[in-house]
Structures are given as C-alpha cells and as structure tokens.
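As structure tokens, the structure follows; a few thoughts come after it.
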Amino acid sequence: MNSDLNTYQTSEHRNTSITIDTSQPLQTIVSSSTKIPLNFEDSTLLHSDSAYRTFSNAFYLDMKDKLVNLPAYQALQGVWSPSSKIDPSKFNLVFTVPIFDANNLQLYGITQVEYPLQALAHLMRTFTYQSKGYIVLSDLNTEKVVISSLPDSYTLKSIYDIKELNIGKLMTYLKQNSFLDFNSEISVSGVEFEGLVYNMLNTKFSYNNVNLGMTIVLVDDSVQEFHNDTLYLAICISVGYVVIGLVMAIILGFLISKPLKALSVEFGHIKHMDLEKVRQHFSMFGEFQVLFQKLDEMVVWLNDVRSFIPNSILMEIRGDSIDNDVTETEIVTTNINVKDKLAETKGRASSEIPENSIANIAKGFKTYQEYSVLYMRIMDLESLTVTERAFYFEKVLEISSKIAKKNNGDIQLLDISRIRIYYCDPNNENASKKVITMALKILSVVADFSSTMEQQGKLPCNLIISISTQKALVGNIGTREHRIHTIVSRSISLCEQMMLIAKSLNISLIVDSNSCAANLGNYVYRPVDRISVEDDLMVIYEIFRENQVNDQEWMYELDQKEKNSSYNEYQSAFQTLLKGGPKIEEYREAILKVRRFKGSNGFDRDLTADHLIFMLERVSESCERGLSEKLSPQFTSSYQYCSRIYTEWENKFGMDVLKIRPVEIVNNK
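One point on numbering: in full-length UniProt numbering, the residue at position 174 of the sequence shown is 174, and numbering is uninterrupted.
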C-alpha cells in the first residue's frame, strides 16, 4: 500500500489503493484490494472529495450525488489489528474486513480501515504534571507502548524499556514481585524504588480483540508538591479573602462613621451656639442625608431665634457648655484657684456673708483663665441733641457689633455712651492681640464716619477705647432656675481708670501692661503713665497702629524705622522718670529725647509728651533743690509723685505751685 496522497494504482488484477492524508487527526483511512474490476472511472477516484468518502455496508460509493453501481458484495465480520506500519514511528488501529460475493461466497478481496492515534498522543503531551509524571497507553497483548506522554522514540517499544524516571525498571520490579498485573485495575501508592517513592494507577480498556492498558505514574514528591501548592494556594486565597474583607469593613466603617463624626462636630457647635461654624454636609446614605437636611433646617431656625436672644443669655449658655466640658483635673485646679482668689474677699466680708454662700459661689466658677475687656466710650455727647446722640450711638454700636460678632466677642451695653466687649480665646492663646486688632478696626471705621460728619458740618464722633487683659473667674452664678454669666476680674475697674487718663491726655487707644507685653512686636506703642492696681504697679501704654511693613515698600520701611527709633527714645526717657536718681543730666537728656520725639513725629499738640516733659522738669527741679533723690515706691504714679513735690514746695518755700500745674494734673489731683 502506497502512503502517498490520492494515489491510484492498477494491475491485471485491478487492485485499487486509496490513501487519506494521515496528518489530519482521527481521519479514516480506507484501502481496498479486489480481483474484479470496479465499475467507475479512474478520474473519479482522483477527485478531491474522494478523500472524505467511505464504503457503505453494501459497498456503494457516493461521489457528488453520483451513484456508482458495484456488484452485490457483502462484508462479513472483520478483525482489529493492533498495529499497522503505515509509519514505523506511529501506531494505528486497523480494522480488516474480507469481501465475498453475496451469492456464492466467492472471496473478492480485503478492505482495511485504519484509525491513526497521533492526535491522542498529542493530547496526552498537553497534560500538565507537577514536575514529574507520565501517562502510558500500552498494548496488553504485546506489552508495547502504543501512545504516551513520553517522546515518540518510545512508541512501539516494550514498556519495560522506558528509562524516564526508571519507569521500566519499576514495572519490571513490580511484575516480578506480583504487584503489577496489566490485565486488572490496580492502584499502588508509596512504593519506594531506588530512592524515589512512586504512586501508580493501572486501568484496562478492551474492545473486541483490542486490549489496551493505561498506566499513570507519579513521583511522590511531585504529589506532595502538588498538595503543598494546593495548600499554599488555599491559604493565600483565604488570606486574600480576609484582607479584602477587612479592607471592605474599614471602608464601610469609614463611610458610615464619617457622617456620624460630622454630626458630632456640628452638634458641638450648636451646643456652644457657634452657628456660623455649622457647615452643610452630604452623604450617599439616604438616612444620613435626611439627618443632614433636618440639621440644616434646625440651624436656620436657631439663627432666626438667636437674633432675639440677648448676648448675656448666650454667654450663660456658653458658660454652661464650658462647665460640662471641664475635666476633673481642671475642676480640682480651678477650685484651688477659686479658694485662693476668694480668700481675701471671704476675710473682708466674713461678718456679713455666711460660709456656705462663699462655697456656693466657688462652685459656680468653673474656669480661671485670661480674659480681655474692651471698654469704649463716646465723648462729648452732652453737646449734641438727643437725635444726634441716638444716631452716633447707633452707628458706633453697629460698627462694634459687627466686628465683635465676627471675632466671637461678647458685647455688653452699659448706657448710651459706653459699650463693653469681652473676649476669651477658646484655645488659651493670645487673646489681647485679637482685642487690640478689634479696637483698631473700630477706631478706623469710626474715624471715617467722623470725617463724613465733619464734611456735613457736624461734630465728629470722639471715641476712646481702653483695653485690659487679666486673669478672671468665669462661671454661671445662681440657682438651677436662674443663672447669670459672671466674670470676676479687675479689668473692669482698670479699664475705667485708664479711660480717665486717656480722656485727660486725648488718647484714642490705651492698654494695660499685660495687653502690651504680649504684643510688643505687633504694634507701634509708647508708655503713658504708671498707676497702682491693688497694691501693684502697672505701666499703661498708648497704641497707635499695627507694625506691618510691606517688603517691597523699602522707602516707606526706612521712614518707619526712623519713627520707631524715636519711639524707643521716648520709652527710654519714660524709664528715666521711673528709675529716678540724683543725676540731673539724665533728666535733662530725657527731656531732649521727648522733645525730639515731638518734632520727628509732627505732633502739634501732644499732651502725653507734654505731660512727660512736665514730670521730668519737676523731678529735675526737685533734685536741684534737694527735696527728693528718686521716685519712692510708695508713690505709684507720676500724678501722685507730682502732688508730693508740690506739697514739699508749698511747705518749704510757700510757693503757689498750682499756678504751674497743667490743667490735667489739677483735675486728677
């Protein structure tokens, strides 16, 4: 039989051979040999479709709907051949059928149908094994390899000649020891041979006279590696699921807790009535979105209600909130401070106030912290009509209310000419800086308003502000039914005392030493006088403006440096007055510094500088006359010191010293 494609051969016996392309997997190869010529043309067999035709049981060949009449042949039962060497390196199954005449049983020829198994071999080689393992399909009759996942060189060789992984020796060993019988299904595991442990499975397949056996051989370490890999994969998958679950839980927790935290923060603002800090929020969850909408509606309603609530009531509400937020440590510390601060008051009024009243007051004060008080007064209202007074007061109140509200200050109306603003920094930072900034803004806006009034031919609005920063006892005093927000501090009286000095010296903004010391580099200032506050000496200062210079305006900066140096000379002259001494030259030098200050700053009528010059001259004259060597500590202010000098002069020289006193000194004697 010729292996070429589409080959047609003839002889005197009219033998015919038909071959199909064996490269196509699992195609049927048909060959026939007959003694009697067949009734079809040679060209018909060479047709391209002949490769896909087979003989029927009656041996009719149907080609393109053309029936070819053959003798009435009949195929008897055939046999399977386990090997047919069409290709010596490949194994094919062959089914052979004899052809007889249906009438006289005369043998006319033999037909063979071949089934190539190369595709099955290719399929076996595509199997993936864990490092080491093979599958072998062998002929049980001959015990030769039919197909396998081994290389093609082992095809049609004895199964005992396989050298891969010593499989041949292993099967020889198993057969000799009766562990292996290819005619039965067996499973052998854990067989140790030449240092390796094998697992083997054998299965038998039979069809007619064809007996095939499939043997699977795996090395145990490969199985173990497979199990380990499977275990590792399962662990990785489990860990992955856990990690993904945790991440999802964290994300969901964050998404759920974020609206709750936002609600907590906003309710804290509402608790302190800081409605300006409440912000709008949105959430992907419908329930939280409804809560946010209700919160916005509540804030709008509270803003409407808040406009009708007095500031004192708001201060009481905030005081209650602060009381609830104080920790135990703060309460203990505050109670100690309260007792210390109230000890003197208790001693003075012990005959009038019972001890339990003092204890109740101490419980009401929950905080002891730094408070800044801004005290403003509209001067010269007596010269205005009632309508003008109301207009000026309304304008100043409008300006101060807006600025105080923007900076979270609490405003209090005393009368038609006096307004007081309280401020405490919630973070316990520099409260005086914000209060001084508020005062400068108020003075700036009022100055513009005064200028407008002067252009209209009316009197300007003369506003004076005093600021004091001191420690204060803060709390809500009273019963559960009625409480009053109370601040106990010496800043109230100190502001009124400084207001008198500012009025006499025509100063717009005057502050105490605590307010100035915390902002030395932020503002342009100068000392005014020294006063006594509860047996304590304190220097008060006048503030002009903020000390801010643009880096690009270097010419302006140079001019400001010269002016600032003159302020430093003024402070040096003031310190000369405080320290005193027998050296008259120091006083004269200080007088020259003050006069240079007046000239460099262009002040036409500077009562503060004139007052300092007057004080230095009187002290210098006193030193010349030998009446006093220095400023004694018991004389706490320059006014008191001058009064003492005048008294000494009157007693010793009989001079009418009142004639040389300034009007301001006489009024504040």
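Backbone N, C-alpha and C fix where the C-beta goes; we use that ideal spot for every residue, glycine too.
Beta-carbon spacing of residue i, residue j below 8 angstroms
{"i": "residue 670", "j": "Gln497", "result": "Lying outside 1 to 669, the shown extent of the chain, residue 670 is not represented and no answer is given."}
{"i": "Ile501", "j": "Val528", "result": "yes"}
{"i": "Gln112", "j": "Val94", "result": "yes"}
{"i": "residue 680", "j": "Tyr570", "result": "Given that the chain is displayed from residue 1 to residue 669, the structure contains no residue 680 and the question cannot be resolved."}
{"i": "Ser138", "j": "Ile159", "result": "yes"}
{"i": "Arg595", "j": "Met499", "result": "no"}
{"i": "Ile416", "j": "Ser401", "result": "no"}
{"i": "Glu185", "j": "Thr172", "result": "no"}
{"i": "Met379", "j": "Lys271", "result": "no"}
{"i": "Asn208", "j": "Trp80", "result": "yes"}
{"i": "Val396", "j": "Ile419", "result": "yes"}
{"i": "Cys516", "j": "Tyr375", "result": "no"}
{"i": "His611", "j": "Leu505", "result": "yes"}
{"i": "Val619", "j": "Leu577", "result": "yes"}
{"i": "Glu164", "j": "Leu174", "result": "no"}
{"i": "Arg490", "j": "Val533", "result": "yes"}
{"i": "Leu263", "j": "Leu291", "result": "yes"}
{"i": "Phe193", "j": "Leu170", "result": "yes"}
{"i": "Ile464", "j": "Ile399", "result": "no"}
Same chain, Cβ closer than 8 angstroms to residue i, neighbours up to 5 away in sequence not counted
{"i": "Asn519", "result": "Asn430, Ser432, Lys433, Ile436"}
{"i": "Gln289", "result": "Phe282, Ser283"}
{"i": "Ser572", "result": "Ala590, Lys593"}
Own chain residues within Cβ distance below 7 angstroms of residue i, not counting five before or after
{"i": "Gly521", "result": "Asn547"}
{"i": "Ser43", "result": "Its pLDDT being 38, under 50, Ser43 is placed unreliably by the model, and the measurement read from it follows with that caveat. Cβ within range, chain order: n/a, list empty."}
{"i": "Leu414", "result": "Arg420"}
{"i": "Lys583", "result": "none"}
Those residues which DSSP pairs with residue i across a bridge
{"i": "Ala472", "result": "Gln369"}
{"i": "Asp139", "result": "Lys144, Leu212"}
{"i": "Ser206", "result": "Asn211"}
{"i": "Gln176", "result": "Beta-bridge pairing links Gln176 to no other residue."}
{"i": "Ile186", "result": "Asn202"}
{"i": "Trp80", "result": "Phe95"}
{"i": "Gly478", "result": "Arg483"}
{"i": "Glu382", "result": "In the DSSP output, where bridge partners are listed per residue, Glu382 has none listed."}
{"i": "Ser466", "result": "Tyr375, Ile510"}
{"i": "Val197", "result": "Glu192"}
{"i": "Gly133", "result": "Leu218"}
Endpoints, alpha helix (DSSP H) assigned at residue i
{"i": "Asp529", "result": "Taken as a continuous stretch (DSSP letters only), Asp529 belongs to no alpha helix (DSSP H), being part of the beta strand (DSSP E) at 523-532."}
{"i": "Lys157", "result": "It is not in any alpha helix (DSSP H) - Lys157 carries neither H nor E in the DSSP assignment."}
{"i": "Glu586", "result": "584-601"}
{"i": "Val386", "result": "386-406"}
{"i": "Leu509", "result": "Taken as a continuous stretch (DSSP letters only), Leu509 belongs to no alpha helix (DSSP H), being part of the beta strand (DSSP E) at 509-511."}
{"i": "Glu496", "result": "491-505"}
{"i": "Arg125", "result": "118-125"}
Same chain only: Cβ atoms within 6 angstroms of residue i, ignoring 5 sequence neighbours per side
{"i": "Asp325", "result": "Its pLDDT being 48, under 50, Asp325 is placed unreliably in this model, and the value from its coordinates should be taken loosely. There are no such residues."}
{"i": "Lys66", "result": "Caution is warranted here: a pLDDT of 38 is assigned to Lys66, below 50, making its placement in the model unreliable, and the coordinate value is therefore given only provisionally. If we look at Lys66 and ignore the five residues flanking it on each side, it has no Cβ neighbours."}
{"i": "Val539", "result": "Ser513, Pro527, Arg530"}
{"i": "Ile591", "result": "Ile613, Leu616"}
{"i": "Ile216", "result": "Ile135, Leu201"}
{"i": "Tyr567", "result": "Arg526"}
{"i": "Ser187", "result": "Leu201"}
{"i": "Thr10", "result": "In this prediction, Thr10 scores a pLDDT of 29, lower than 50, which makes its location untrustworthy; the coordinate-derived value is nonetheless stated afterwards. Nothing listed; no residue qualifies."}
N- and C-terminal bounds of the beta strand (DSSP E) containing residue i
{"i": "Gln412", "result": "410-413"}
{"i": "Met284", "result": "Looking at the DSSP string, Met284 is not in any beta strand (DSSP E), and its letter there is neither H nor E."}
{"i": "Met273", "result": "Element bounds for Met273: n/a, residue is neither H nor E."}
{"i": "Leu435", "result": "Note on identity: in this sequence residue 435 is Val, with Leu being the wrong assignment. No beta strand (DSSP E) holds Val435; the alpha helix (DSSP H) holding it covers 431-455."}
{"i": "His485", "result": "483-488"}
{"i": "Leu150", "result": "From DSSP, Leu150 is part of no beta strand (DSSP E); its letter is neither H nor E."}
{"i": "Arg418", "result": "418-423"}
{"i": "Arg545", "result": "537-546"}
Does the segment 261-280 come into contact with the segment 233-246, if we say contact requires no fewer than three beta-carbon pairs (one atom in each stretch) closer than 8 angstroms?
Flag = no, the segment 261-280 and the segment 233-246 do not touch.
Quick test of the definition: if touching needs 3 or more C-beta pairs under 8 angstroms, does the segment 198-208 touch the segment 115-124?
Judged by Cβ distances under 8 angstroms, the segment 198-208 makes no contact with the segment 115-124, as fewer than three pairs qualify.
Is it a yes or a no for the segment 471-478 touching the segment 367-374, going by three-plus beta-carbon pairs under 8 angstroms?
The answer is yes - the segment 367-374 touches the segment 471-478, with three or more Cβ pairs under 8 angstroms.
Hey, is the segment 445-460 in contact with the segment 380-388, meaning 3+ C-beta pairs nearer than 8 angstroms?
At 8 angstroms Cβ cutoff, the stretches touch.
The segment 402-409 contacting the segment 438-447, beta-carbon criterion three pairs below 8 angstroms
The way I'd put it, the segment 402-409 does touch the segment 438-447; three or more beta-carbon pairs between them come closer than 8 angstroms.
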